[in-house]
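Colleague: Chains as they are written, first to last, in this note's numbering: chain G, 1 to 114; chain D, 1001 to 1111.
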Amino acid sequence: NAGVTQTPKFRVLKTGQSMTLLCAQDMNHEYMYWYRQDPGMGLRLIHYSVGEGTTAKGEVPDGYNVSRLKKQNFLLGLESAAPSQTSVYFCASSYYQVMNTEAFFGQGTRLTVV
Amino acid sequence: GENVEQHPSTLSVQEGDSAVIKCTYSDSASNYFPWYKQELGKRPQLIIDIRSNVGEKKDQRIAVTLNKTAKHFSLHITETQPEDSAVYFCAAGGGTDKLIFGTGTRLQVFP
């Protein structure tokens, strides 16, 4: 049972480049989330999805886009990367509303924008 | 918007001592309060959670208390061990579909 898998694990981008982070879960979870983790700032919610075909903004959505075309996948896109987007990105999923069930995290993606 | 404050940011204790981490939330509609542990280079993992209809919950050496009136909740770790060293995050959810995290506490347990 793989749980939540993120691709890639590491990436270095140049300013202005674009990329897509993939999150895949095999637990048939309805809810999926993208967080970024920066030193001293905890885990900040970027975007989330409450089901296939839905997306919503979190705390820090600017500069990111997401899509949930399939229930098991949640994609995070950076259209024009900036150094401020250097961070560790975590995807998470939960069976139902996060307030009722545990959120399972992926292993993280370390992104550096130079 | 929703906000979760967490203190302290770092905590050092001697093995066998107790550790307490405190959080305050702003959304009065929040009703779910999980705690996650993140070891160095690893993903956050749930260690304990509490819902608003419960004031205290224990699981072996860890316990969580909730004061809804004051919007405070705390994590208590007794008889700390070196393997408890990690970053601990509190979070609050239930007011909306979002789970909002605190800024984390780095706990170091010295042998």
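Note that the Cβ used here is the ideal one computed from N, Cα and C, for glycine as well.
Just so it is clear, the structure is predicted and the values come from calculations on it, not from any experiment.
Could you tell me if G:Val66 is buried or exposed, where buried requires 16 or more neighbouring beta carbons within 10 angstroms of its beta carbon?
Modeller: Per the 10 Å Cβ criterion, buried.
Colleague: Counting pairs of beta carbons, one from the stretch 1070 to 1090 of chain D and one from the stretch 84 to 99 of chain G, are three or more of them closer than 8 angstroms?
Modeller: Counting Cβ pairs under 8 angstroms, fewer than three are found: no touch.
Colleague: Taking the alpha-carbon of D:Asn1003 as reference, which of D:Gln1108, D:Tyr1088, D:Leu1099 and D:Asp1059 has the nearest alpha-carbon?
Modeller: Checking every option, the nearest Cα to that of D:Asn1003 belongs to D:Leu1099.
Colleague: G:Met41 versus chain D: which residues are under 7 angstroms apart at the beta carbon?
Modeller: Within 7 angstroms Cβ-Cβ: Thr1103.
Colleague: Strictly below 8 angstroms CB to CB, what residues from chain G border D:Leu1075?
Modeller: Correct list: empty, because the minimum Cβ distance to chain G is about 15 angstroms.
Colleague: Would you identify the three-state DSSP class for D:Asp1112, choosing helix, strand or coil?
Modeller: Residue 1112 of chain D lies beyond the stretch modelled for chain D, which goes from 1001 to 1111, so this question has no answer here.
Colleague: If I'm right that D:Tyr951 touches D:Asp1049 with Cβ under 8 angstroms, what's the distance once you round it to whole angstroms?
Modeller: With chain D covering only 1001 through 1111, there is no way to say anything about residue 951 of chain D.
Colleague: What residues of chain D sit near G:Phe74, judged by a beta carbon separation below 8 angstroms?
Modeller: Near G:Phe74 there are no residues of chain D at all, since even the closest Cβ is about 14 angstroms away, more than 8 angstroms.
Colleague: Alpha carbon to alpha carbon, what distance is there between G:Asn28 and D:Tyr1088?
Modeller: Cα to Cα, the separation comes out at about 27 angstroms.
Colleague: For my contact list, D:Val1064 and D:Trp1035 are in at a C-beta cut-off of 8 angstroms; report their separation, rounded to the angstrom.
Modeller: At roughly 6 angstroms, the Cβ-Cβ gap stays under 8 angstroms, so D:Val1064 and D:Trp1035 are in contact.
Colleague: Would you check if the stretch 1008 to 1026 of chain D and the stretch 10 to 20 of chain G touch, i.e. whether three or more CB-CB distances between them fall below 8 angstroms?
Modeller: No, the stretch 10 to 20 of chain G is not in contact with the stretch 1008 to 1026 of chain D.
Colleague: Could you tell me whether the Cβ atoms of G:Tyr48 and D:Asp1027 are closer together than 9 angstroms?
Modeller: Their beta carbons are not under 9 angstroms apart, which means G:Tyr48 does not touch D:Asp1027 by this criterion.
Colleague: Can you tell me whether D:Pro1034 is helix, strand or coil according to DSSP?
Modeller: Residue state, collapsed to three classes: strand.
Colleague: Compare the beta carbon distance of G:Ser80 and G:Gly63 with 9 angstroms and say whether it is the shorter of the two.
Modeller: Result yes, Cβ atoms of G:Ser80 and G:Gly63 sit closer than 9 angstroms.
Colleague: Would you say G:Gln107 reaches chain D, if we count a Cβ-Cβ gap shorter than 9 angstroms as a contact?
Modeller: True, the Cβ-Cβ gap to chain D drops below 9 angstroms.
Colleague: The beta strand (DSSP E) with D:Asp1049 in it runs from where to where?
Modeller: Gln1045 to Arg1051 is the extent of the beta strand (DSSP E) around D:Asp1049.
Colleague: The beta strand (DSSP E) with G:Thr86 in it runs from where to where?
Modeller: Note, G:Thr86: premise wrong, no beta strand (DSSP E); not H, not E.
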